[in-house]
Every structure is written in C-alpha cells, then in structure tokens.
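Here the sequence shown is numbered in our numbering, starting from 4 and rising by one per residue.
This report refers to the structure that appears directly beneath it.
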Amino acid sequence: MATAPLNIGIVGCGGISRMYTDIYVGLHELAQVVAVADLAPELARDRAAGLTAGYQAEAARARAQAAGARSQDERAAATALAASADAAAANDIQTFGHHRELLAEGGVDAMVLLTAPSVRGGPTLDAAAQGVHVFTQGPMARSVAEADEMLAAAAAAGIELHVQVGSRYSRGMRHAQRAAASGLLGQMALARVDLNLFRPQSPYFRASHWHGTWEGEGGTSVFHHGRYIIDPFLFVVGSPIVEVTSYAGAMLRHIETDDLTLSLVRFANGARGVVSSSLLHHTNPLTPTYRFEVIGSEASMVVQQEYTHPEVPTVMLGSRENGWQATVRFGSNHDPALVQRLEALEAEVADAPIRATEEYQSRIWLESILGGPPTPAPLRVPHHHVELTRAVYKSQETGGPVSLPLAKDDPFYGFDGRLTHGRTIPATDPPPSGEVPRRTRPA
Ligand SMILES: NC(=O)c1ccc[n+]([C@@H]2O[C@H](COP(=O)([O-])OP(=O)(O)OC[C@H]3O[C@@H](n4cnc5c(N)ncnc54)[C@H](O)[C@@H]3O)[C@@H](O)[C@H]2O)c1
C-alpha cells in the first residue's frame with residue numbers, strides 16, 4: 004500500500020499546468036511534485052520554479068497561521084502543515100524533456116498527464132508498465148482502440164487510472180445520478196444534453212496550435228469541449244448509447260474538426276435522446292451553457308451546470324478553487340410526492356461537495372491510491388464519451404445511423420476515421436465574425 008506523500012511527476016507544462024501548480028501546492032500532505040517534463044525545456048524549468056515558490060508560499064502561510072493560532076491544537080496543526088510544505092519546497096524538482104525520461108529517472112509513484120488530447124495512450128501505457136498511477140486530462144483517449152488499451156494496461160498493472168472531468172463529482176450531479184438510478188423517474192423516454200459554448204476563431208483557433216486540428220485535438224465540440232457536460236450526462240443516464248445518427252462539422256469556424264454536432268441517439272434501455280454540442284453560441288442570458296434533461300413516465304429531471312471561479316480566492320493563485328456546480332430540479336404531473344422523494348435522494352450524496360473544485364478531483368484520485376474509496380464514477384463513463392464521439396463522426400461520414408459498440412476493424416474504432424470536409428486553419432487570423440469564404444461541403 005502506497006503511503007503519503009506520494010511522489011508526483013507532471014507531464015506537460017503548458018497552459019493548464021499553471022492550475023495544477025496551484026492544485027498540487029495545496030495537496031502537499033497527500034502528494035508532492037518531484038519531477039516535471041515537457042518537450043520544451045523552458046516550460047519544464049518554469050513549472051519547477053513555480054511549484055517550489057508555491058510550496059514556499061504555502062509553508063509561509065501555514066507558519067503565519069501557527070503564529071496566530073488561538074489554541075494548542077490549532078498551532079500544532081498549522082506547524083505540521085508548515086513542516087510538510089517546507090519538505091515539498093525542499094525537493095529539488097527534476098526537469099525532463101520527455102515523459103519516458105521522467106518515468107525512467109524521476110522516481111515517481113504517480114503521473115499527472117497534462118498534454119493535448121492526442122497524447123494519452125503512449126504515456127499511460129508507459130506509466131502502467133512501470134506500475135505508476137495515472138491521472139490524465141480529458142478526454143480519455145483519441146480513439147476507442149486507445150481507450151481500450153489504456154483500460155487493459157491499467158487493469159493488468161493494478162494502477163489507479165483516472166480521467167479528468169471534475170463536473171461528474173458535484174453534489175448536484177451525483178444527486179442526479181442517484182435519481183436516475185433510483186427508477187423513480189419511471190420508464191425513461193427522452194434524455195437530451197446541450198453544450199452551448201462560444202469559442203471564437205481568434206485567438207482560440209489559431210495557426211500552429213493544436214485546437215481544431217485532427218492530429219492535436221482529435222475532435223472539438225462533441226469531444227474536447229463536450230466532455231464537461233456529455234461525460235456527466237452519460238454517468239447520470241447510466242444506460243449506454245447503442246445507436247447514433249448525426250450531423251457534425253465545421254459550420255462557422257475554420258477548423259479541421261467540428262464546431263457543431265447534432266445527434267439523435269437511442270439508449271440500451273430504449274430511451275431516445277439528443278446530444279447537441281456547439282461552440283457557436285454567443286453568450287446570452289437565456290441560454291444555459293451546460294444543460295440536460297431526462298424525461299421519464301413518472302417524473303422529469305433537469306440539470307443545469309456552471310463553472311465558477313471564486314470572486315475572492317482564499318488561497319494564493321486561486322485556480323484550485325475553480326469548480327463545477329450543478330442545479331437539479333424535478334417535476335411530476337402525476338404525483339407531487341414523487342418530487343419530494345427524488346429531492347430527498349440528495350441526502351445519499353451529502354459527502355459530495357456542492358461545488359466540485361479542480362482540487363477535489365485530484366484529491367479523490369490521490370486518496371484512492373492511498374487506500375481510500377474508489378472515485379465515484381467508473382472509467383466506462385469517459386470511455387463511452389470517446390465511443391460516442393467516434394460514432395458521431397462516423398455517422399456524418401456515412402450519412403446514416405451507426406450502431407455501438409464499434410467493431411474493432413472499423414476505422415472509427417481506431418483513429419483513422421475522420422470528418423473529411425473540415426477546413427484548414429488559416430495562417431493569418433480571419434475576422435472574428437468569420438467572413439472568410441467557406442469551402443463547399445457535402446450536405
Ligand atoms: N489551457 C487550459 O485552460 C485548459 C483548461 C482545461 C483543460 N485543459 C486540458 O489540458 C490539456 C492540455 O492543454 P494545454 O492547454 O495545457 O496544452 P499545451 O499545448 O499548452 O501544453 C501541453 C504540453 O505538453 C507537452 N508534451 C506533449 N507531449 C509530451 C511528452 N511526451 N512528454 C512531455 N511533454 C509533452 C507539450 O510540449 C506542451 O507544452 C488538454 O487536454 C486540455 O483539454 C486545458
């Protein structure tokens with residue numbers, strides 16, 4: 004059994020690693036970063052320096068708390084916290100130019116993979132081969148084949164593999180999952196999910212960056228962005244999607260992948276559904292960014308989700324306190340008492356945080372490695388999101404319904420299957436409103 008603090012290696016020191024610096028600086032009693040890797044050496048050096056400075060600041064904060072303590076117990080707790088943060092700051096964080104070097108020489112128990120969505124399978128398989136636990140940014144994998152390999156490797160090695168998407172873990176979302184699983188909604192007839200996000204051409208989709216490319220991102224609105232609501236939606240509905248008929252494409256943005264997908268789906272339990280993902284939705288007070296609904300014969304459930312940032316962070320950088328919150332509401336025209344029974348199910352998940360912070364998801368993964376309970380959502384959830392994405396793209400390409408699971412020799416089971424009508428990101432930024440002439444594409 005592993006013991007705290009675990010030795011952590013961070014792989015990928017780009018944009019999101021700033022947030023993971025703040026997260027790990029706050030988790031020093033459970034785990035300490037001892038190595039970082041990036042293909043760009045300066046990014047790895049900056050990350051190591053940022054982590055050390057963060058640990059030092061955390062130690063200083065704890066010492067200030069000890070000095071101002073109002074009881075012996077409070078002083079002892081703050082002094083222990085300072086000692087732990089000092090120990091983390093004293094680690095000479097090693098820097099590497101590739102994840103394989105970090106795994107070979109970094110002496111890590113667990114790897115936090117913060118690379119683009121196209122870089123998942125290789126590092127995970129390499130880590131599993133060495134018995135190193137893995138937390139990967141989402142989506143889980145760029146293809147079903149890769150996701151299957153990751154699951155098999157993790158099971159064979161007995162490591163804790165966990166896939167980022169913190170929105171599964173808010174109390175509202177866990178409550179919604181209990182409500183769907185309770186059967187109180189009755190026979191499920193319709194389950195519909197909407198992502199209504201806005202991502203501009205510039206600066207979001209820009210030349211020589213991986214956003215909007217097949218090789219770097221592997222899929223956009225339904226995949227890379229859709230995960231924040233489609234993954235928890237699949238967790239809540241609980242029944243796998245078995246058939247998909249879709250439109251998917253680059254409607255307004257000049258990207259190779261998709262900025263809009265609309266899918267009609269059928270679930271194994273017989274329910275019909277709609278999965279809609281858009282990066283074209285201008286912010287509008289009447290448009291929820293993340294929403295889904297489940298309509299049953301006895302009652303309905305509507306879930307609305309938000310990503311919030313604390314207005315006044317209680318910690319230094321603050322991004323570890325960003326988090327997901329879901330509001331769930333029930334209705335029943337048959338039996339108002341049913342609504343109360345559905346609402347009462349919240350008590351079963353009272354241990355889940357109302358707002359699942361970015362730190363929370365990393366914490367529950369670390370605790371699972373250290374002998375705590377397993378993380379609440381099974382890996383089949385992010386796996387199914389990958390599978391759904393691949394089926395959406397296949398349906399667009401073949402022009403008809405696609406059955407799931409995909410056969411192993413299907414190009415969309417692997418990564419060869421792609422949308423073929425996408426556009427190339429222009430070398431110079433087009434106007435934000437996208438007046439650049441569009442390439443004709445099939446209906
Ligand atoms: N940037 C954000 O605000 C943000 C927010 C939420 C989630 N994410 C997620 O985080 C992930 C990474 O996004 P990003 O914006 O940080 O990307 P990024 O391109 O800024 O950083 C990724 C880094 O990984 C490095 N890398 C690639 N392969 C490597 C290897 N084999 N060994 C070592 N380093 C390697 C690259 O050199 C690069 O610096 C994505 O899945 C994204 O969805 C990012």
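We put the beta carbon where it would ideally sit given N, CA and C, even for glycine.
ask   = The beta strand (DSSP E) with D450 in it runs from where to where?
value = Limits of the chain in this structure are 4 at one end and 446 at the other, which puts residue 450 out of reach.
task = Evaluate S303 with the Cβ neighbour count: other Cβ atoms within 10 Å of its Cβ, from every protein chain shown; 16 or more gives buried, anything less gives exposed.
result = buried
query = What is the DSSP secondary structure of P440, reduced to helix, strand or coil?
reply = At P440, the pLDDT of 41 sits below 50, so the modelled position is not reliable; the number obtained from the coordinates is stated separately. Looking at P440 - three-state DSSP - the assignment turns out to be coil, as it is neither helix nor strand.
request  = Give the straight-line distance between the Cα atoms of W217 and D261, rounded to the nearest whole angstrom.
outcome  = 10 Å
ask   = Got a sec: does ligand 1 put a non-hydrogen atom nearer than 6 Å to the Cβ of D234?
value = no
key: Where P8 sits in the DSSP three-state scheme   = coil
inquiry  = Residues in the same chain with beta-carbon distance under 7 Å from T286, minus the five sequence neighbours each way, listed in chain order, please.
reply    = F201
ask   = When you compare only the Cα positions, how much space is there between R332 and G175?
value = 9 Å
ask   = Using the C-alpha atoms, what's the distance from R123 back to L106?
value = 15 Å
task = Return the bridge partner residues of V250 from the DSSP annotation.
result = Strictly speaking, residue 250 in this sequence is Tyr, with Val absent from that position. DSSP lists L265 as partners of Y250.
message = What I want to know is whether the C-beta of I19 ends up closer than 6 Å to one or more non-hydrogen atoms of ligand 1.
response = yes
inquiry  = Looking at Y473: is its Cβ nearer than 7 Å to the Cβ of A359?
reply    = Not covered by the structure: residue 473. The range shown for the chain is 4 to 446.
message = Following a CB-centred definition, is T311 positioned closer than 6 Å to any heavy atom of ligand 1?
response = no
inquiry  = When you compare the CB positions of F418 and K397, do they come within less than 7 Å of one another, or not?
reply    = no
ask   = Quick one: is the Cβ of D262 within less than 6 Å of any heavy atom of ligand 1?
value = no
task = Please name the residue or residues paired with M22 in a DSSP beta bridge.
result = DSSP, once it has assigned bridges, lists no residue as partnering M22.
query = Taking just the CA atoms, how far does I96 sit from H102?
reply = 15 Å
query = Which residues in the same chain have their Cβ closer than 8 Å to the Cβ of A40, if we skip the five residues on either side of it in sequence?
reply = G12, I13, V14, G15, C16, A47, T98, F99, G100, H101, H102, E104, L105 and G109
message = Looking at the secondary structure, which residues open and close the alpha helix (DSSP H) in which M176 lies?
response = R174 to S185
inquiry  = Quick test of your reading: V448 and P404, contact by CB under 8 Å. State the CB separation rounded to the nearest angstrom.
reply    = This structure cannot settle anything about residue 448, because the visible part of the chain is limited to 4 through 446.
task = Please name the residue, chosen from D112, L116 and S87, that lies closest to I19 on a Cα-to-Cα basis.
result = L116
task = Check whether the Cβ atoms of Q111 and G141 lie closer than 7 Å to each other.
result = First, the amino acid is wrong: residue 111 is Val here, not Gln. Result no, Cβ atoms of V111 and G141 do not sit closer than 7 Å.
query = Are the region 180-200 and the region 270-285 touching by the rule of at least three beta carbon pairs closer than 8 Å?
reply = yes
Proximity of E301 and G189 at Cβ, strictly below 7 Å = yes
key: Neighbourhood of H284 by C-beta distance below 7 Å, restricted to the same chain and skipping five residues each side   = N199, L200, F201 and T290
H178 classed as buried or exposed, judged by whether at least 16 other C-beta atoms fall within 10 angstroms = buried
query = Whole-angstrom Cβ separation of A253 and T264, contact assumed at under 8 Å?
reply = About 10 Å; that fails the 8 Å criterion.
task = Output the boundary residues of the alpha helix (DSSP H) element that contains E361.
result = E361 to I372
key: Beta-carbon proximity of Y160 to A131, cut-off 7 Å   = Here residue 160 is Ala; the residue named in the question, Tyr, does not match the sequence. Closer than 7 Å, so yes.
inquiry  = Can you confirm whether the region 78-96 touches the region 20-40 when touching is taken to mean that 3 or more C-beta pairs between the two stretches lie within less than 8 Å?
reply    = yes
task = Starting from H165, follow the beta strand (DSSP E) in both directions and report where the run begins and ends.
result = L164 to V166
inquiry  = I need the straight-line Cα distance from A38 to Q133, nearest angstrom please.
reply    = 16 Å
ask   = When we look at the beta-carbon of E77 and count the other beta-carbons within 10 Å, is it buried (16 or more) or exposed?
value = exposed
task = Would you list the residues sitting across from H424 in a DSSP beta bridge?
result = BP columns for H424 are empty, so no partner.
ask   = How is M114 classed by DSSP in three states: helix, strand or coil?
value = strand
query = Does DSSP put E314 in a helix, a strand or coil?
reply = coil
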